[in-house]
């Protein structure tokens, strides 16, 4: 039962990541490979402040949000001049640099040794320590992320993002400060990813850089693409499919190293097949082209 | 031995490998207009083909090299025919193709990892020589071979592009596929042969790199990252730019070690990438980027 709840919690963490990435990739047309880096920024910031200063859960999540928002402005800067595939390459660079910091800044992050002993959350007296309570907490975070994305996309602000995705020059011609809109959307996406990271760090109580590699970013992109970009349900469908289906490999009795490879082959081939035959995903509305 | 010169020699050698991978990647990018990330997978396939030939079948490395190039070439051509060509017929955007090629890279890398394991394999034969002393630095025969192949391959590809009919067709398709089509150039076969040629170069680079430092399934990904940076720093469509870009990041990677701990090598390369993307996205010698169409 705990195993089942654990899978559900992970599915929710990934749903938040996929929804926040969809706000960038599916709604604004800014496909970012740096999403695992923001996930990691949130996880590392809240782990470090929680371990070193013993601050409560709410404060440590907030710290992760602030750091991710600040860094997101730097990462969204290249979108000033770059579009589509060039923007992807730029975020790729940021992902590699931030990963390198997680992995190599020994004094701060302890590098590959990771940070153990992250306290489990206590929220205003509610001590979250069973899987079921974590599921409730994760569900709250997911609902919050869903609400934020829904609120943004159904507002005039979201319509400007949509316009930027379809034709940025035209949005500019209508007097919209597209840089402001892109940077704000990017910050919101980064903040939601950082929240998922904080949740993950306090749930697993141990983090190391291997959870925040570029492959993790590609996994989240696969979720958005397979579920469907530019829709509210697509990222949720993608996250649930990609978290639960590979678990089936566990029951076939394969050794874990083979299962890890097969899982990645599964993501990779799904990405290729989707891009070839159905770029808008299972339930999405946007196929990454104008 | 002079330590500073050693950094420079190591940097040139690393840069030469990057430049060789980047040349194939850059040719494909120039002619087709999209980032072919699976190039890293094609590269790793070439290296593992050489591993099977030398290790399992006992061939010499010089005999295995052309066969590895052929394997890479076939793999690259097959990827074009099976995946990219149908996508381009459906007018997929470069971004969509990039995502698909990322998926292909993951598939190839994990298949290699399943088949050969994650440990480092070696194809070097006999004892490791300590190399020649050159301007106060040690340089191994493999490094000499890498640098000589770099110069020869760049010369040959440069001449091929500028003086042969097929090279002219490649440049024409790269400049404007529709106009090339109007003039009767069959752009699909030009693209296919570009993939075959570029992938063969990846196979050559892979055998040299595997000979020097061994092979792992993630070697393709690492080489690809270097190639992406070299092509962007050098500029789209410029052979000389790609060579300079490859050498620049190879040097940067090794000169960083002079002042900083070696684990910051990767970060420094990507810092160069970001600086170029922010300040000069067309690279050293490239033409300005395409603007958003109205």
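Protein chains in written order, with my numbering: chain H, 1 to 290; chain X, 1001 to 1294.
Heads up, the beta-carbon is just placed ideally off N, CA and C, and yes, glycines get one too.
This one's a predicted model, so the numbers in the text were calculated from it and none came from an experiment.
For residue i, the three-state DSSP class (helix, strand or coil)
i: residue 229 of chain H; result: strand
i: residue 176 of chain H; result: coil
i: residue 1211 of chain X; result: helix
i: residue 1048 of chain X; result: helix
i: residue 207 of chain H; result: strand
i: residue 191 of chain H; result: helix
i: residue 149 of chain H; result: helix
i: residue 33 of chain H; result: coil
i: residue 126 of chain H; result: strand
i: residue 7 of chain H; result: helix
i: residue 1292 of chain X; result: Legend: pLDDT at residue 1292 of chain X = 45, less than 50; position of this residue unreliable, value from coordinates given subsequently. Coil at residue 1292 of chain X, not helix or strand.
i: residue 1079 of chain X; result: helix
i: residue 118 of chain H; result: coil
Residue-level contact to chain X via CB, residue i, 8 Å cutoff
i: residue 177 of chain H; result: no
i: residue 73 of chain H; result: no
i: residue 276 of chain H; result: yes
i: residue 94 of chain H; result: yes
i: residue 181 of chain H; result: no
i: residue 70 of chain H; result: no
i: residue 291 of chain H; result: Since the first residue shown for chain H is 1 and the last is 290, residue 291 of chain H is missing from the structure and cannot be characterised.
i: residue 81 of chain H; result: yes
i: residue 84 of chain H; result: yes
i: residue 190 of chain H; result: no
i: residue 89 of chain H; result: yes
i: residue 284 of chain H; result: no
i: residue 112 of chain H; result: no
i: residue 303 of chain H; result: The question about residue 303 of chain H has no answer, for chain H in this structure spans 1 to 290.
i: residue 97 of chain H; result: yes
i: residue 60 of chain H; result: no
The beta strand (DSSP E) enclosing residue i, as first and last residue numbers
i: residue 1134 of chain X; result: 1132 to 1134
i: residue 1138 of chain X; result: 1137 to 1139
CB contact below 8 Å: residue i versus chain H
i: residue 1111 of chain X; result: yes
i: residue 1273 of chain X; result: yes
i: residue 1281 of chain X; result: yes
i: residue 1107 of chain X; result: yes
i: residue 1096 of chain X; result: yes
i: residue 1103 of chain X; result: yes
i: residue 1292 of chain X; result: Bear in mind that a pLDDT of 45 at residue 1292 of chain X, under 50, signals an unreliable position, so the model cannot answer this.
Buried versus exposed, by CB contacts within 10 Å (16 or more), residue i
i: residue 1178 of chain X; result: exposed
i: residue 1254 of chain X; result: buried
i: residue 52 of chain H; result: exposed
i: residue 1191 of chain X; result: buried
i: residue 88 of chain H; result: buried
i: residue 1259 of chain X; result: exposed
i: residue 20 of chain H; result: buried
i: residue 1142 of chain X; result: buried
i: residue 1072 of chain X; result: buried
i: residue 127 of chain H; result: exposed
i: residue 206 of chain H; result: exposed
i: residue 155 of chain H; result: exposed
i: residue 244 of chain H; result: exposed
i: residue 216 of chain H; result: buried
i: residue 91 of chain H; result: buried
Range covered by the alpha helix (DSSP H) that runs through residue i
i: residue 1 of chain H; result: Segment: none, residue 1 of chain H is in no alpha helix (DSSP H) and carries neither H nor E.
i: residue 1099 of chain X; result: 1094 to 1116
i: residue 265 of chain H; result: 256 to 277
i: residue 1169 of chain X; result: 1165 to 1175
i: residue 84 of chain H; result: 84 to 104
i: residue 1268 of chain X; result: 1265 to 1279
i: residue 1248 of chain X; result: 1239 to 1259
Chain A contact for residue i (CB, 8 Å cutoff)
i: residue 1242 of chain X; result: Of the protein chains in this structure, namely H and X, none is chain A.
- Scan the stretch 139 to 152 of chain H for residues whose Cβ lies nearer than 7 Å to a Cβ of chain X and list them as they occur along the chain. none
- Task: Below 7 Å between beta carbons is the criterion; list the residues of the stretch 3 to 35 of chain H that meet it against any residue of chain X, in chain order.
- Result: 31
- With 8 Å as the C-beta to C-beta threshold (strictly closer), list the residues of the stretch 1030 to 1043 of chain X near chain H in chain order. 1034 and 1035
- Task: May I ask you to list, following chain order, the residues of the stretch 1242 to 1265 of chain X that have a beta carbon less than 7 Å from some beta carbon of chain H?
- Result: 1263 and 1264
- Item | Within 7 Å of chain X by C-beta, residues of the stretch 248 to 262 of chain H in sequence order | 258 and 261
- Item | Proximal residues, the stretch 191 to 224 of chain H versus chain X, C-beta separation under 9 Å | 214, 215, 218, 221 and 222
- Item | Proximal residues, the stretch 1222 to 1236 of chain X versus chain H, C-beta separation under 9 Å | 1225, 1228, 1229 and 1232
- Query: For the stretch 1164 to 1189 of chain X, which residues have a beta carbon sitting closer than 7 Å to at least one beta carbon of chain H?
  - Reply: Of all residues in the stretch 1164 to 1189 of chain X, none has a Cβ within less than 7 Å of some Cβ in chain H.
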